[in-house]
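In my numbering, the protein residues as written are 143 to 324. Okay, structure first, notes after.
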C-alpha cells in the first residue's frame with residue numbers, strides 16, 4: 143500500500159506540480175482513504191519527502207572495483223539514472239516550482255539524504271584510490287568532492303536532462319585528470 147501511495151504522490155507531482163498535489167488526490171489514486179494518509183503523514187510535505195526518500199538511490203556501498211575511475215563511474219551512473227527517473231522528474235518539478243522559503247525543507251532533505259552521503263562516498267572512493275595508487279593524496283579534498291554534486295545540479299538546472307554519455311565525460315574529462323597520479 144505504501145508503494146502505491148508513493149507512486150501516486152510522485153505521479154501527481156510530475157503531472158500537476160506541487161501546488162496541485164493534494165492528499166485527497168493521492169488517496170484517490172492510491173485507492174485508499176484520506177484518513178489513512180493523515181495517520182501516517184501530517185502534511186503533503188512529509189508525504190513528498192517520504193516518497194522521494196523511498197525512490198532515490200542510496201549512494202552507499204560502492205564496492206572496490208579496482209580503480210577510482212570504475213567506482214566514480216558507478217556512483218555517477220547511479221545518479222544519472224535517478225535524475226532521469228520519475229523520482230528525478232518529480233524532484234526537478236518540485237524545486238522549479240517552489241519559492242525559496244518553501245524549498246528550504248526540501249533542500250535540507252536533499253543535502254542530508256543525497257548530497258552529504260554522496261560526498262562521503264566520493265571521499266571513500268578517493269581514499270581507496272590513494273591506497274591503490276591511482277589517486278594522488280592531495281586530491282582528497284572537499285573541493286574535489288564537491289565537483290560531482292555541483293556538476294550534476296548544474297547540468298539538471300541548465301539543461302533539464304543529462305546527455306547519455308554525461309557520466310563517462312564527467313569521470314574521464316574532469317575527475318580523473320583532477321585526481322590521478324602525475
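Just so it is clear, CB atoms sit at the ideal spot from N, CA and C, and this is done for glycine as well.
#1: Are the beta-carbon atoms of residue 156 and residue 201 separated by less than 7 Å?
#2: Got a sec? Which residues, its chain only, sit under 7 Å from residue 318 by beta carbon, not counting five neighbours each side?
#3: Report, in whole angstroms, the separation of the C-beta atoms of residue 325 and residue 278, which I expect to be a contact under 8 Å.
#4: Am I right that residue 152 and residue 197 are in contact with their C-beta atoms under 8 Å? What's the rounded C-beta distance?
#5: Can you find at least 3 beta carbon pairs, one from the region 205-225 and one from the region 307-318, that sit closer than 8 Å?
#6: Leaving out the 5 sequence neighbours to the left and right, which residues in its chain are closer than 6 Å to residue 147 when beta-carbon positions are compared?
#7: Between which two residues does the alpha helix (DSSP H) containing residue 326 stretch?
#8: Closer than 6 Å by C-beta to residue 232: which residues in its own chain qualify, once you throw out the five before and the five after it? Chain order, please.
#9: Since residue 217 is in the alpha helix (DSSP H), which residue starts that stretch and which ends it?
#10: Tell me the rounded alpha-carbon separation between residue 254 and residue 220.
#11: According to the Cβ coordinates, are residue 194 and residue 229 closer than 7 Å?
#12: Pull up the CB-CB distance for residue 215 and residue 313, whole angstroms please, since I reckon it's below 8 Å.
#13: Is residue 181 helix, strand or coil when you go by DSSP?
#14: Just to confirm, is the Cβ distance from residue 222 to residue 169 under 7 Å?
#15: Helix, strand or coil: which one does DSSP assign to residue 303?
In terms of the structure at hand:
#1: Stepping through the chain shown from its first residue, residue 156 is reached at position 14. Stepping through the chain shown from its first residue, residue 201 is reached at position 59. It is not a contact, given that the beta carbons lie outside the stated cut-off.
#2: Position 176 of the chain shown, counting from 1, holds the residue named residue 318. Counting only Cβ-Cβ distances below 7 Å, and skipping sequence neighbours, we find 211.
#3: Because residue 325 is not part of the residues shown, which for the chain are 143 to 324, the question remains open.
#4: The residue you call residue 152 lines up with position 10 of the chain shown. The residue you call residue 197 lines up with position 55 of the chain shown. Their Cβ separation, rounded to whole angstroms, is 7 Å, which keeps residue 152 and residue 197 in contact under 8 Å.
#5: yes
#6: Within the chain shown, the letter at position 5 stands for residue 147. Hits under 6 Å: 172.
#7: Limits of the chain in this structure are 143 at one end and 324 at the other, which puts residue 326 out of reach.
#8: In the chain shown, residue 232 corresponds to position 90, counting from 1. So the list reads 152, 155, 156, once near-sequence residues are dropped.
#9: Looking up residue 217 in the chain shown gives position 75. Taken as a continuous stretch (DSSP letters only), the alpha helix (DSSP H) holding residue 217 covers 210-225.
#10: Indexing the chain shown from 1 puts residue 254 at position 112. Indexing the chain shown from 1 puts residue 220 at position 78. Going from the Cα of residue 254 to the Cα of residue 220 covers about 18 Å.
#11: Indexing the chain shown from 1 puts residue 194 at position 52. Indexing the chain shown from 1 puts residue 229 at position 87. Yes, the pair counts as a contact, with Cβ atoms nearer than the cut-off.
#12: Working through the chain shown from its first residue, we reach residue 215 at position 73. Working through the chain shown from its first residue, we reach residue 313 at position 171. The Cβ separation is near 5 Å, so the contact holds.
#13: Here residue 181 is taken as the residue at index 39 of the chain shown, counted from 1. The answer is helix: DSSP assigns residue 181 an H, G or I state.
#14: Walking along the chain shown from the start, residue 222 turns up at place 80. Walking along the chain shown from the start, residue 169 turns up at place 27. No, they are not a contact pair.
#15: Locating residue 303 in the chain shown gives position 161, counting from the first residue. Three-state DSSP puts residue 303 in coil, outside helix and strand.
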